[in-house]
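Working notes, structure below.
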Amino acid sequence: MYYAPLHDRSVNDPEAYWMEQAESLAWAKKPTQALGKDANGSDRWFVDGELNTCYLAVDVHVENGRGAQAAIIYDSPVTGTKRTITYAQLQADVAQLAGALRAQGVGRGDRVVIYMPMVYEAVLGMLASARLGAVHSVVFGGFAASELTTRIDDAQPKVLLTATCGIEPSRVIEYMPIVNDALGMASHQVDRVLVLAREQAGYAIDGVTQLDWAQACAAAEPADCVNVLATDPLYILYTSGTTGKPKGVVRDNGGHAVAMRHSMDVVYDVQPGDVFWAASDVGWVVGHSYIVYAPLLTGCTTLVYEGKPVRTPDAGAFWRVVEEYRVKILFAAPTAFRAIRKEDPEGALYRDYDLSSLAALYLAGERLDPPTQTWLDELTGLPVIDHWWQTETGWAIAANPRGVETLPIKQGSATRPAPGFDVHILDDDGVELSAGEQGNIVIKRPLPPSCFPTVWGDHARYQSSYMDAFPGYYQSGDGGYIDADGYLFVMGRTDDVINVAGHRLSTGEMEEVVAAHPAVAECAVIGVEDALKGQLPVGLVILKDGVTESDDEVVQALVRDVRAKIGPIACFQTAHIVARLPKTRSGKILRAILRKIANGQDYQVPSTIEDPAALTEVAELFN
Numbered sequence: 000m001y002y003a004p005l006h007d008r009s010v011n012d013p014e015a016y017w018m019e020q021a022e023s024l025a026w027a028k029k030p031t032q033a034l035g036k037d038a039n040g041s042d043r044w045f046v047d048g049e050l051n052t053c054y055l056a057v058d059v060h061v062e063n064g065r066g067a068q069a070a071i072i073y074d075s076p077v078t079g080t081k082r083t084i085t086y087a088q089l090q091a092d093v094a095q096l097a098g099a100l101r102a103q104g105v106g107r108g109d110r111v112v113i114y115m116p117m118v119y120e121a122v123l124g125m126l127a128s129a130r131l132g133a134v135h136s137v138v139f140g141g142f143a144a145s146e147l148t149t150r151i152d153d154a155q156p157k158v159l160l161t162a163t164c165g166i167e168p169s170r171v172i173e174y175m176p177i178v179n180d181a182l183g184m185a186s187h188q189v190d191r192v193l194v195l196a197r198e199q200a201g202y203a204i205d206g207v208t209q210l211d212w213a214q215a216c217a218a219a220e221p222a223d224c225v226n227v228l229a230t231d232p233l234y235i236l237y238t239s240g241t242t243g244k245p246k247g248v249v250r251d252n253g254g255h256a257v258a259m260r261h262s263m264d265v266v267y268d269v270q271p272g273d274v275f276w277a278a279s280d281v282g283w284v285v286g287h288s289y290i291v292y293a294p295l296l297t298g299c300t301t302l303v304y305e306g307k308p309v310r311t312p313d314a315g316a317f318w319r320v321v322e323e324y325r326v327k328i329l330f331a332a333p334t335a336f337r338a339i340r341k342e343d344p345e346g347a348l349y350r351d352y353d354l355s356s357l358a359a360l361y362l363a364g365e366r367l368d369p370p371t372q373t374w375l376d377e378l379t380g381l382p383v384i385d386h387w388w389q390t391e392t393g394w395a396i397a398a399n400p401r402g403v404e405t406l407p408i409k410q411g412s413a414t415r416p417a418p419g420f421d422v423h424i425l426d427d428d429g430v431e432l433s434a435g436e437q438g439n440i441v442i443k444r445p446l447p448p449s450c451f452p453t454v455w456g457d458h459a460r461y462q463s464s465y466m467d468a469f470p471g472y473y474q475s476g477d478g479g480y481i482d483a484d485g486y487l488f489v490m491g492r493t494d495d496v497i498n499v500a501g502h503r504l505s506t507g508e509m510e511e512v513v514a515a516h517p518a519v520a521e522c523a524v525i526g527v528e529d530a531l532k533g534q535l536p537v538g539l540v541i542l543k544d545g546v547t548e549s550d551d552e553v554v555q556a557l558v559r560d561v562r563a564k565i566g567p568i569a570c571f572q573t574a575h576i577v578a579r580l581p582k583t584r585s586g587k588i589l590r591a592i593l594r595k596i597a598n599g600q601d602y603q604v605p606s607t608i609e610d611p612a613a614l615t616e617v618a619e620l621f622n
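Note that numbering that gives the first Met the number 0 gives residue 165 to position 166 of the sequence shown, counting from 1, and the numbers run on in steps of one.
Structure, rendered in structure tokens:
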């Protein structure tokens with residue numbers, strides 16, 4: 000198989016292509032129609048098919064003789080707990096929890112909000128909801144009460160699943176005070192709260208609205224799978240919006256299952272029985288797609304890791320997990336490897352482990368900077384695959400299709416569009432640009448399976464946010480270019496392009512230059528308003544441990560480097576050395592908020608922030 004004809008067919012004859020991929024699933028009722036439209040005019044896949052996602056992820060493997068295989072490995076360095084769950088045990092546990100949910104009135108189409116730490120039971124909550132045909136909405140454990148309230152009021156769940164606490168390397172986060180505050184503020188009243196008791200934080204469950212998780216499961220009758228339409232929603236996942244109100248991305252059952260299964264073949268080159276580790280959290284789309292659904296739909300063993308890349312206990316944490324469980328594919332955000340590189344710049348801990356099982360590293364969630372890619376290349380000798388996707392798509396828009404054909408790697412590029420994604424570069428007037436010209440990255444409709452058909456409860460927002468700017472295309476919100484070889488370079492959000500004296504410049508390109516300096520561990524470049532030139536770039540830089548140069552010497556070198564590699568036109572004259580950068584819990588630098596701070600604009604501290612004090616420190620630089 001070769002990539003080019005495969006991709007050409009996927010975009011030129013998408014209905015035939017995706018009907019073929021649908022054959023890989025055990026449908027309750029096989030679809031006879033690939034593509035249709037709903038009442039809103041959105042493209043919908045497999046419109047007359049019926050299935051149950053939990054059945055496909057769990058029961059079918061037991062029926063096919065894989066019940067004794069490990070389905071989930073739970074590894075929690077913060078509690079010292081390790082556990083392996085077979086597919087047979089997973090089936091029994093999911094059926095029991097689904098029965099407990101059914102006993103509380105949860106059925107097809109009802110919503111269940113899951114506010115959990117990274118524990119096995121969080122995955123059970125997702126699968127048990129799917130088993131009943133219910134719709135789950137996972138909220139990252141530890142989110143502020145106001146953010147949980149917003150999601151409760153929007154999704155209007157019957158039941159909330161939670162735990163007494165989440166555990167960080169240095170602290171225990173008690174969840175129940177947050178949950179109780181959120182429920183008190185919410186307009187929508189949740190019928191029941193199931194609480195998983197963890198020994199690190201006690202809580203007196205009232206036994207009326209709040210039920211003990213273990214007791215509720217023990218008293219329940221196991222529940223069978225409920226078949227739903229392919230177009231019925233599987234989950235709602237909230238992503239930040241420009242208005243401050245999060246958008247509920249809706250994922251359907253049928254298209255999602257087909258795309259997840261296909262992506263494991265084409266993008267990740269894994270087969271049933273392989274050990275696949277996405278080092279993320281189920282609160283994010285990566286956790287939904289590649290901790291839970293894609294690996295289990297494929298019959299892989301997946302890892303649920305309650306820890307960090309460093310300090311649980313050290314920068315060898317990831318390598319220890321790979322060796323211990325013979326991981327084939329490791330998928331993480333670039334920020335995780337930058338943290339490892341900062342604490343172990345020579346990669347000494349990597350050499351302490353037997354990593355012969357590891358076939359490739361995959362990175363996504365933010366742009367993979369070339370210095371990190373080079374460090375991983377030289378350290379591991381493995382394919383280091385940058386791929387680009389969004390909460391809205393659920394899987395890679397562009398990637399190196401290793402399961403079909405391994406294409407040459409170009410640093411800074413997510414390689415070529417994945418099957419079904421017809422990617423174009425348009426200017427602001429909707430005119431297609433030539434190879435190498437930067438513009439808006441858009442995807443021609445129909446979007447392939449798994450891509451969201453609407454925003455929960457607000458289709459008008461879906462249209463205005465994603466579809467209206469370029470009729471016939473999905474507006475990704477990212478800017479970049481396609482080179483002469485068809486490789487896609489994602490340079491950052493379109494508002495990361497700054498205008499310096501009439502010249503449009505990418506802050507991503509400047510970040511590449513800054514990050515390449517041997518003293519720099521991590522950086523961000525933002526555009527600051529300037530009365531003369533419109534905008535000027537400013538760098539925020541974290542240095543590696545043990546740097547001997549003074550801060551001034553490093554800054555002067557960075558200014559010289561940007562001038563030499565991009566040119567005086569960049570007007571890069573200012574950089575600040577900082578101890579930390581404000582990030583989301585998934586590791587994304589909060590560049591949009593940094594821009595607002597630098598320009599004296601009002602901003603809201605997002606619920607996803609990892610360390611609010613980092614914002615305060617940056618704000619002091621610009622006061």
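For glycine and all other residues, C-beta sits at the position ideal for the given N, C-alpha and C.
Candidates the options: closest to residue i by CA position
| i | options | result |
| --- | --- | --- |
| M175 | L193, V46, Q188 | L193 |
| Y119 | T208, Q68, V281, G104 | V281 |
| V519 | A363, W394, P369 | P369 |
| G364 | E391, Y352, D343, A331 | A331 |
| I396 | K409, T414, L381 | T414 |
| T625 | S585, P581, D560, T583 | Here the chain has residues from 0 to 622 only, and residue 625 is not among them. |
| P30 | L89, G201, G106, A229 | A229 |
| V274 | G456, D12, M466, Y73 | Y73 |
| R65 | H187, V248, G306, I84 | I84 |
| I384 | A38, A359, E377, E616 | A359 |
Span separating the alpha-carbon of residue i from that of residue j
| i | j | result |
| --- | --- | --- |
| T241 | D153 | Interpretation of T241 is limited by its pLDDT of 46, a score under 50 that renders its predicted location unreliable; the figure taken from the coordinates is listed afterwards. Going by the C-alpha atoms only, they are around 17 Å apart. |
| I442 | G132 | 30 Å |
| G566 | E552 | 20 Å |
| D231 | T301 | 26 Å |
| E436 | V558 | 26 Å |
| A613 | A578 | 8 Å |
| K409 | W387 | 14 Å |
| V178 | V309 | 29 Å |
| T148 | L159 | 12 Å |
| I151 | G124 | 16 Å |
Whole-angstrom C-beta distance between residue j and residue i, which should lie under 8 Å
| i | j | result |
| --- | --- | --- |
| V537 | V527 | 5 Å |
| A258 | S23 | Not confirmed; about 11 Å, so no contact. |
| W26 | L34 | Their Cβ separation, rounded to whole angstroms, is 16 Å, which puts W26 and L34 out of contact at 8 Å. |
| V2 | V403 | For the record, residue 2 in the displayed sequence is Tyr; it is not Val. 5 Å between Cβ atoms; contact. |
| D426 | G438 | 5 Å |
| W455 | I235 | 5 Å |
| G476 | R492 | 6 Å |
| G602 | I596 | Note on identity: in this sequence residue 602 is Tyr, with Gly being the wrong assignment. Indeed they touch by this definition, with Cβ atoms about 7 Å apart. |
Sub-8 Å separation of residue i and residue j beta-carbons
| i | j | result |
| --- | --- | --- |
| A129 | T52 | yes |
| L182 | V171 | no |
| L126 | V93 | yes |
| G533 | V512 | no |
| A70 | L295 | yes |
| L233 | V134 | yes |
| Y352 | V321 | yes |
| K36 | D109 | no |
| T161 | Y114 | yes |
| T504 | L539 | Looking at the sequence shown, residue 504 is not Thr but Leu. No, they are not a contact pair. |
| W318 | L367 | no |
| P221 | Q103 | no |
Backbone secondary structure at residue i - three-state DSSP
| i | result |
| --- | --- |
| H458 | helix |
| T241 | Legend: pLDDT at T241 = 46, less than 50; position of this residue unreliable, no value from coordinates given. |
| C522 | strand |
| E167 | strand |
| V10 | helix |
| E120 | helix |
| F275 | strand |
| A612 | helix |
| W283 | coil |
| G623 | Outside the displayed span of the chain (0 to 622) sits residue 623, for which this structure offers no information. |
| G480 | It is Tyr, not Gly, that sits at residue 480 in the sequence shown. Three-state result, Y480: strand. |
| P176 | helix |
CB contact below 8 Å: residue i versus chain C
| i | result |
| --- | --- |
| T453 | No chain C is present in this structure, which holds just one protein chain. |
Residue i CB to nearest heavy atom of the ligand GTP below 7 Å
| i | result |
| --- | --- |
| D152 | Because no ligand of any kind appears in the structure shown, any question about the ligand GTP cannot be addressed here. |
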